[in-house]
Structure formats: C-alpha cells, structure tokens
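Numbering (my numbering), first residue to last: 445 to 850.
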C-alpha cells in the first residue's frame with residue numbers, strides 16, 4: 445500500500461470518528477471552519493507520513509491524536525483501544541476484581557487522586573487525596589485518560605501495582621507499592637454526638653447507602669434528636685440518581701438539580717414533599733475530596749437554603765458519560781451532560797462553594813485545593829475533637845444559626 449493511501453485511510457478513519465463517534469463535537473453545523481480543521485488534520489498526517497525522521501507507526505499516531513482530542517474536552521472523556529475496551533467490559537462484569545481504592549481525575553495533564561477509600565489499599569499505603577500519580581506500573585500518566593488509569597490500577601486481588609506519586613510538599617515523585625484488594629460496601633457512619641445533635645457520614649451514595657441514611661434519620665427522629673451534621677467529605681463514589689433520592693429525604697420544595705447536554709434535553713429534578721424524612725435543621729460538610737453524586741446532594745441542600753454547607757469548595761465532577769463503541773473494537777468515553785446546582789450553575793465548572801468557608805488546620809488558607817488532604821476517617825470513626833469544619837457546623841447548629849427546616 446502506498447504512503448498516500450495509508451494516510452488517506454487514517455485520515456478517513458479520524459473523520460468518521462469525529463462525525464459519527466463524537467456526534468459532531470467539532471461543530472455540528474457543517475460550517476467551513478469545521479471542514480478546514482479536518483483538512484489541516486489531514487495535512488499534518490501527510491507531513492508526518494512523508495517527512496518524519498523515521499517511518500511512523502500511523503496506528504500509534506492516530507491513537508495519540510484521539511487521546512489528545514478527547515483530553516482537550518474534559519478530564520473524564522477518553523479513548524480506549526480495542527484491548528483496553530475488552531478489559532473495560534470484562535471488569536465491569538466482574539465485581540470481584542482487585543483495585544487500589546482511589547477515585548481519580550486529571551489536573552495539569554496528570555492523574556490526580558480525588559479521594560482514597562478509608563482502610564483501602566491506597567490509604568494503607570499512605571496515599572492521600574490531592575496527590576498526583578505521575579506513573580502507574582511504569583507508564584507515564586501524562587497522556588493517559590482516567591479510565592486507562594483505572595484499568596491499570598485494577599487486577600487480581602493480592603497483586604501489587606507500583607506508583608510514582610508526587611506527594612504534598614515534595615517536588616520529586618516517591619515510589620509507592622499498593623496491594624490490590626476487593627473493595628466491599630462502605631457503611632454509613634451515624635451516632636448521637638450531643639444531646640440534640642446527630643452525626644451521619646456517607647462514604648458513598650449508592651442505593652444501599654441511601655437506604656441506610658433513611659433508616660438512621662428515622663431512628664434519630666424517634667430518639668428526639670433535632671439537629672444533624674451530614675458529612676460528605678471524602679465522598680466520591682455513587683450515582684446521581686441515588687443522590688437525588690437522598691436529597692428528597694431533606695427537601696419538601698425547590699429544585700434538586702438539572703441535567704443538560706448538547707444532545708441531552710434539559711431535565712429538572714424537583715423535590716417532593718411526601719418523600720421528606722428529616723424536617724429538622726441540617727448542616728453539610730464538604731471538601732475538595734467531595735465529588736460527583738455527593739456534590740449534587742450538597743448543592744441541593746445549600747442551594748435551597750435548607751442548611752449551611754461548611755468547609756471548602758468541592759472538586760467539581762458531576763457529569764454523565766456515555767460509552768460509544770467504535771468499528772475497530774475500541775471505544776470513546778464521552779461526557780454528554782452536566783449536572784447543575786439549583787441556581788443553574790454547572791457543578792463541573794466550579795464545584796460547590798460552601799456557604800461557610802472553613803479551612804482545616806493542616807492547610808494554609810491560601811493553599812491550592814489540589815494540596816494533599818489528611819487521611820480519611822476510618823470505618824465507624826467520628827471526627828476528631830479538634831476538626832475545625834465539624835466544630836463550625838456544631839457551632840452553627842447549637843447557636844440557632846442553621847437554615848430553615850423543611
């Protein structure tokens with residue numbers, strides 16, 4: 445096959461990818477700018493094929509172009525090769541695969557740790573939220589999608605994965621070995637912390653967690669407890685539909701969230717009075733390790749002035765992804781819609797801002813939210829007596845400054 449023919453095939457495959465796989469991401473209007481961009485892309489491929497110092501592997505070149513294209517959109521969009529997509533499907537079917545126990549995103553081109561599972565493999569290895577994974581198993585994360593990183597971190601339980609980690613306050617990466625394990629369900633932590641105050645921490649927002657939350661709220665109400673601290677710090681796992689169900693437990697009116705994308709019609713999720721379980725005051729604790737479904741719940745309570753949201757701005761990653769299989773056996777993971785606060789602001793753009801900002805004592809108030817966080821609270825563990833975020837929420841509740849009841 446001639447050089448020109450090979451370039452034409454590669455160019456055509458990319459064009460098909462752009463228009464069919466991505467649904468006109470580069471411009472669905474069909475204007476001249478879109479076609480000029482594709483023409484430039486083909487021209488660059490031609491020069492790579494004709495003028496590069498060595499004869500390039502055009503499959504590798506194309507894969508690199510696809511990675512860069514998707515990474516330019518948002519942290520959670522990405523491309524999976526045929527082999528990676530096969531692994532992705534297999535591991536979605538196998539609930540007993542080993543993992544490191546981390547929620548990941550991307551910042552500054554590298555994989556960043558949003559949170560670690562309490563008492564999970566990564567936490568046991570000393571890893572913290574905010575740290576950067578420079579390499580996984582010897583592979584640089586510089587051009588790696590979040591899903592590719594997740595696939596590398598997964599494996600047989602008991603096996604180790606070596607990480608190059610840039611830790612807080614250090615310029616050089618440190619080598620960390622994490623032993624993979626099956627991560628079981630994390631249970632809701634709940635206790636009466638004062639005569640009239642209850643504390644509940646959600647480690648995740650899945651159906652089981654929301655059921656446990658509802659049961660705990662009913663239990664506290666029967667006990668005559670009339671104030672609640674809801675801790676969503678470190679909560680990154682879960683699904684937004686479950687967060688909407690959780691918000692219904694607190695809100696008798698108002699809008700919980702809305703979902704909208706280029707091809708996803710706007711949909712609003714209103715509160716329903718007959719689903720309320722907790723009508724007493726509630727304050728929510730958040731941090732940069734609060735993301736996804738937990739952000740929707742925090743925004744719903746704060747945005748409807750149902751309670752104060754105390755702590756630091758959340759990570760900002762409440763969105764919906766779609767997996768689009770490609771003809772070559774690979775796939776695109778594409779963000780197709782964003783969730784918004786009750787006021788209509790995209791959570792992905794800015795995260796959820798606290799109504800009462802409090803910085804933990806281990807951080808300089810001027811420090812970036814990317815700074816590594818403290819170890820997560822362990823299973824069943826309550827906040828430390830000197831936890832400033834927790835103490836501020838208690839102060840607001842006991843002082844009668846809490847927002848309106850449901």
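Even for Gly, the Cβ is constructed at its ideal location relative to N, Cα and C.
In terms of Cα proximity to residue 724, the closest of 742, 794, 731 and 673 is 673. For residue 664, the closest C-alpha among the options 637, 484 and 830 is that of 637. With respect to the 8 Å criterion, residue 741 and residue 719 are not classified as neighbours on the basis of their beta carbons.
A Cβ-Cβ distance of about 10 Å is found for the pair residue 632 and residue 661, leaving them out of contact under the 8 Å criterion. Taking the Cβ atoms as the reference, residue 579 lies roughly 11 Å from residue 620, outside the contact range of under 8 Å. The beta carbon of residue 766 is closer than 6 Å to those of 778 and 780 in its chain, skipping five residues each way along the sequence. Rounded to whole angstroms, residue 556 and residue 696 show a C-alpha spacing of 37 Å. The Cβ atoms of residue 676 and residue 738 lie closer than 8 Å to each other. Among the bridge pairs identified by DSSP, residue 580 is matched with 583 and 607. Out of 758, 714 and 530, the CA that lies nearest to the CA of residue 573 is found in 758. Using a Cβ-Cβ distance cut-off of 8 Å, the stretch 529–548 and the stretch 707–719 are not in contact, since fewer than three pairs of beta carbons, one from each stretch, lie closer than that value. Counting only residues of its own chain and dropping the five nearest sequence neighbours on each side, residue 617 has a CB closer than 7 Å to the CB of 578, 608, 609 and 610. Counting C-beta atoms within 10 angstroms of its own C-beta, residue 523 has 16 or more neighbours from the protein chains shown and is therefore classed as buried. Distance from the CA atom of residue 679 to the CA atom of residue 689, rounded to whole angstroms, is 16 Å.
Every unbroken stretch of the alpha helix (DSSP H) spanning 4 or more residues and falling wholly within the stretch 671–739 is given here in chain order: 684–692. Under the DSSP assignment, residue 623 falls in the beta strand (DSSP E) whose first and last residues are 618–623. Under the rule that a run must span 4 or more residues, the alpha helix (DSSP H) segments found entirely inside the stretch 492–541 read 502–515 and 526–537.
Distance from residue 746 to residue 753 at the Cβ level is roughly 4 Å; contact confirmed, criterion being Cβ atoms closer than 8 Å. For residue 782, the three-state secondary structure derived from DSSP is strand. Distances from the alpha-carbon of residue 669 to those of 717, 726 and 508 put 726 closest. Residue 717 and residue 518 have their alpha carbons spaced roughly 36 Å apart.
Secondary structure note for residue 591: its alpha helix (DSSP H) is the uninterrupted segment 590–597. Around the CB of residue 606, fewer than 16 other CB atoms lie within 10 Å, so the residue is classed as exposed. Counting the other CB atoms within 10 Å of its CB gives residue 836 a total of 16 or more, which places it among the buried residues.
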